[in-house]
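Heads up, the sequence shown is in our numbering, so the first residue is 1225 and it goes up one at a time.
Backbone N, C-alpha and C define an ideal beta-carbon position, used for all residues, glycine too.
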Amino acid sequence: MSASHSQNNPDVLIYGPSKPIIDGGFPAHYTLHKCENKHDLDRLSPEVAARIRGVAVSGLVQADGAMMAKFPKLEIVSSFGVGYDHIDARYASGHNIVVCNTPDVLTEEVADVALGLLIATAREFIKADRFVRSGQWSTQGFPLSQGSLRDRKVGIVGMGRIGQAIARRLDASLVPVVYHSRNPAKGVSHKHYPNLVEMAKDVDTLVLIMPGGASTAKMINAEVLKALGPRGIVVNVARGSVVDEPALIAALKDGTIMAAGLDVFAQEPNVPEELRNLPNVVLLPHIGSASISTRNAMDQLVVDNIKEWFAGKPPITPIPETPVKGR
Ligand code: NAP
Ligand code: 8YV
1225 MSASHSQNNP DVLIYGPSKP IIDGGFPAHY TLHKCENKHD LDRLSPEVAA
1275 RIRGVAVSGL VQADGAMMAK FPKLEIVSSF GVGYDHIDAR YASGHNIVVC
1325 NTPDVLTEEV ADVALGLLIA TAREFIKADR FVRSGQWSTQ GFPLSQGSLR
1375 DRKVGIVGMG RIGQAIARRL DASLVPVVYH SRNPAKGVSH KHYPNLVEMA
1425 KDVDTLVLIM PGGASTAKMI NAEVLKALGP RGIVVNVARG SVVDEPALIA
1475 ALKDGTIMAA GLDVFAQEPN VPEELRNLPN VVLLPHIGSA SISTRNAMDQ
1525 LVVDNIKEWF AGKPPITPIP ETPVKGR
């Protein structure tokens, strides 16, 4: 794909929730259209759809092949979030549509949440907070935590931008780290395991930060959880789809593993009641990148990718499946 394209008065659709930085971020010569959800999208007139050349996906709404096929002149889809499992990258690549995501600007924020969630899970912060609030501390001491980071070895699944930022934090905390990914990560000195089950046998903690989608679906299954063992902690900041959720619930219930810290779930925002009732889990509502400053930076990158494109330049962060050559 090359970045030599016409530049005049593009029609751009903003698809997803309203956000000031995205809604207000485009120059006056753009013609903007807005669909908050699929219902709005289905009602977009064919005349307007025929003019759309760019789509800014402002939240977790699906941009599958059928969605993109509505726009015969579509050149670019600029999506909010580094994960793009809600975008059909293969369709885009086959139809000369460049897809952009928002990597890097959220890396450290998400790594902070991963480490915070690991510590909160191992050291039982949420139970301890409830203990103080309920007034129980005035009559008894809080039980010692079963878990500790001091005697743990962490296996990170996915050693990309965020995985490496998590590894740096664990290095600084003197916690040994190894990792699994399909290929060894360039410039990473931690031990690489080509086989996930072999790694799970050698560690007692898994931190998941690989992409969602077909290649990682339910990768963390009963076999992996059994290999991790009864001291096992699973922290998932990747996608709910990477875990076999019923198998995880069963493993947490019967002591196959010790605990889990979860920021993401199979059917968000619906979290199974069985999981919500477990005492050995810490549950977060998908807040890995959710600070005002980081979300603003992500929104700005959604806009900037489209602005660069329609200024005739390569976009800033195209995904690997739809690479763009500069002029
Ligand atoms: P990245 O730099 O592309 O890294 C992805 C890593 O996963 C790479 O090491 C890659 O290595 C590995 N990987 C990919 N497919 C795999 C597979 N089938 N099996 C094993 N490993 C695989 O991405 P990133 O910026 O670190 O982001 C990672 C993911 O985190 C995102 O895609 C998103 O789903 C999730 N995320 C969640 C939140 C949140 O709020 N909780 C926020 C941001 C991101 P190989 O290609 O060698 O396998
Ligand atoms: C977003 C994420 O919160 O970047 C990602 O992949 O999971 C988060 O930063 C998510 O895209 C929700 O819109």
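Segments assigned beta strand (DSSP E), at least 3 residues, entirely inside the segment 1429-1471: 1429-1432 and 1457-1460
Range of the contiguous beta strand (DSSP E) that encloses T1255: As a first step, residue 1255 must be located in the sequence shown, where it is residue number 31. First-last of the beta strand (DSSP E) with T1255: T1255 to C1259.
Spatial distance of L1394 from S1303 (CA atoms): Stepping through the sequence shown from its first residue, residue 1394 is reached at position 170. Stepping through the sequence shown from its first residue, residue 1303 is reached at position 79. Straight-line Cα distance between these residues: approximately 30 Å.
Buried or exposed by the 16-neighbour rule on C-beta atoms within 10 Å, applied to V1356: Along the sequence shown, one-based indexing puts residue 1356 at 132. Looking at its Cβ environment, which holds fewer than 16 other Cβ atoms inside 10 Å, V1356 is exposed.
Simplified DSSP state of K1377, which is helix, strand or coil: For the purposes of this step, residue 1377 is taken as the residue at position 153 of the sequence shown. K1377: coil per DSSP, three-state reduction.
Contact test: A1514 Cβ vs ligand 2 heavy atom, cutoff 7 Å: Taking the first residue of the sequence shown as position 1, residue 1514 is located at position 290. Under cutoff, so the answer is yes.
Closest Cα partner of N1325 within the set A1313, L1432 and L1398: Here residue 1325 is taken as the residue at index 101 of the sequence shown, counted from 1. Answer by Cα proximity: A1313.
Near ligand 2: V1495 beta-carbon under 7 Å from a heavy atom: Position 271 of the sequence shown, counted from the start, is the residue given in the question as residue 1495. Not under cutoff, so the answer is no.
Chain-order list of residues whose beta-carbon lies under 6 Å from that of P1400 (same chain, five-residue window excluded): Along the sequence shown, one-based indexing puts residue 1400 at 176. Answer for P1400: K1377, listed in chain order.
Contact set for P1241: own chain, Cβ-Cβ below 6 Å, skip 5 residues either direction: On the sequence shown, residue 1241 is found 17 positions in, with the first residue counted as 1. Cβ within range, chain order: S1282 and G1283.
Classification of Q1388 by the beta-carbon crowding that lies within 10 angstroms, buried from 16 upward: By 1-based counting over the sequence shown, the position of residue 1388 is 164. Buried, by the Cβ-count rule.
Among R1277, L1486, E1348 and W1533, nearest to R1500 - alpha-carbon criterion: Counting from one through the sequence shown, the residue named residue 1500 turns up at place 276. Closest by alpha carbon: L1486.
Start-to-end residues for the alpha helix (DSSP H) that takes in G1387: Indexing the sequence shown from 1 puts residue 1387 at position 163. That run of the alpha helix (DSSP H) goes R1385 to A1396.
Own chain residues within Cβ distance below 8 Å of I1540, not counting five before or after: Here the question's residue 1540 lines up with position 316 in the sequence shown. If we look at I1540 and ignore the five residues flanking it on each side, its Cβ neighbours are C1324, L1525, D1528, N1529 and E1532.
Own chain, CB closer than 6 Å to R1347, minus 5 neighbours either side, in chain order: Translated into positions along the sequence shown, residue 1347 becomes position 123. These residues qualify, in order along the chain: S1369.
Rounded C-alpha distance that separates V1279 from I1444: Against the sequence shown, residue 1279 aligns to sequence position 55. Against the sequence shown, residue 1444 aligns to sequence position 220. So the two alpha carbons sit approximately 34 Å from each other.
L1432 and V1402 closer than 8 Å at C-beta: Within the sequence shown, numbered from 1, the residue matching residue 1432 stands at position 208. Within the sequence shown, numbered from 1, the residue matching residue 1402 stands at position 178. No. Outside cutoff.
Alpha helix (DSSP H) runs wholly inside the segment 1266-1317, at least 4 long, in chain order: 1270-1273 and 1289-1293
Backbone secondary structure at N1529 - three-state DSSP: Residue mapping note: residue 1529 aligns to position 305 of the sequence shown, counting from 1. It is helical.
Endpoints, the alpha helix (DSSP H) within which L1420 is located: Here the question's residue 1420 lines up with position 196 in the sequence shown. L1420 -> alpha helix (DSSP H) spans L1420 to D1426.
Beta-carbon gap between L1452 and A1424 smaller than 8 Å: Here residue 1452 corresponds to residue number 228 of the sequence shown, with the count starting at 1. Here residue 1424 corresponds to residue number 200 of the sequence shown, with the count starting at 1. Their beta carbons are under 8 Å apart, which means L1452 touches A1424 by this criterion.
Three-state secondary structure assigned by DSSP to V1561: This structure gives no information on residue 1561, because the portion of the chain shown stretches from 1225 to 1551.
D1353: first and last residue of the uninterrupted beta strand (DSSP E) it sits in: Residue numbering aside, residue 1353 sits at position 129 when the sequence shown is read from its first letter. Taken as a continuous stretch (DSSP letters only), D1353 belongs to no beta strand (DSSP E), being part of the alpha helix (DSSP H) at F1349 to R1357.
Rounded straight-line distance, which links the Cα of E1299 to that of L1342: To locate residue 1342, count along the sequence shown from 1; it is residue 118. To locate residue 1299, count along the sequence shown from 1; it is residue 75. Straight-line Cα distance between these residues: approximately 41 Å.
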